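Here the structure comes first, spelled out in structure tokens, and everything after it is commentary.
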Amino acid sequence: MNPPAILYAFNEYSVAARWRVVDDIVMGGHSDGHFAITEEKRGRFYGEVSLRDGGGFSSVRHRFNPPVETLAYQRVLLHLRGDGSNYQFRVKPNIEQDFSYVHPFPTSGEWQTVEVPLAEMYPVRRGDRLSLPNFDGSRIAEISFLIADGRDQAFQLLIDRLELH
Numbered sequence: 001m002n003p004p005a006i007l008y009a010f011n012e013y014s015v016a017a018r019w020r021v022v023d024d025i026v027m028g029g030h031s032d033g034h035f036a037i038t039e040e041k042r043g044r045f046y047g048e049v050s051l052r053d054g055g056g057f058s059s060v061r062h063r064f065n066p067p068v069e070t071l072a073y074q075r076v077l078l079h080l081r082g083d084g085s086n087y088q089f090r091v092k093p094n095i096e097q098d099f100s101y102v103h104p105f106p107t108s109g110e111w112q113t114v115e116v117p118l119a120e121m122y123p124v125r126r127g128d129r130l131s132l133p134n135f136d137g138s139r140i141a142e143i144s145f146l147i148a149d150g151r152d153q154a155f156q157l158l159i160d161r162l163e164l165h
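According to full-length UniProt numbering, the sequence shown is numbered sequentially starting from 1.
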């Protein structure tokens, strides 16, 4: 068994520009997400989700170059604080593929650790579950967080670190 490893941790060297927000405006929606690094050196994903004109999601992603080899690990631990809304943690083993592997999770409004079993992450494209095998856990080229709770809302997710176990 490998010792735990940091997949991503915010610190004094973190750069907000390495995280990219993708909202439903790509399909005509009106959601407005943002990403910043706080003074406490945490990632802050925040904004407004709007269902107007068929919208309803906001996401933020980070790409690893080169991808992180993860075959020796079984899960990711997300250390974060949400706002009581439901979010998704998503990974891609290859940035060119047009779908992600997803793990939905609720947030409590307090600091919490979310355990994500890699083998249980299932494939999704544009909100639709695909008839493909679950994530094989081999490598991670992209991570993302998405909110699509089915309602108009303000949101905020503070991210401290992601660990491989």
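Built from N, CA and C at the ideal position, the CB exists for glycine as well.
Here the structure is a predicted model, which means the values were calculated and not measured.
Residue i and residue j closer than 8 Å at C-beta
i       : j       : result
Phe-155 : Ile-147 : yes
Gly-56  : Asp-83  : no
Phe-145 : Phe-89  : yes
Ala-5   : Glu-142 : no
Leu-80  : Ile-159 : yes
Arg-63  : Ile-37  : no
Counterpart residues of residue i in DSSP-defined beta bridges
i       : result
Lys-92  : Glu-142
Ala-154 : Glu-48
Ile-159 : Gly-43 and Leu-80
Gly-33  : Gly-47
Cβ-based neighbour list, residue i, same chain, cut-off 7 Å, excluding 5 preceding and 5 following
i       : result
His-75  : Checking the sequence, you will find Arg at residue 75 rather than His. Cβ within range, chain order: Glu-115, Val-116, Pro-117, Leu-118 and His-165.
Met-121 : Val-91, Tyr-101, Val-102, His-103, Asn-134 and Phe-135
His-34  : Val-21, Tyr-46 and Gly-47
Rounded Cβ spacing between residue i and residue j (contact assumed at less than 8 Å)
i      : j       : result
Lys-41 : Glu-12  : 6 Å
Pro-67 : Arg-126 : So it is not a contact: roughly 23 Å between Cβ atoms.
6 Å CB neighbourhood of residue i in its chain, flanking five on each side removed
i      : result
Val-22 : Ser-59
Residue i: CB within 7 Å of a non-hydrogen atom of the ligand NAP
i      : result
Glu-48 : What this structure holds is no ligand at all, so the ligand NAP is not there to describe.
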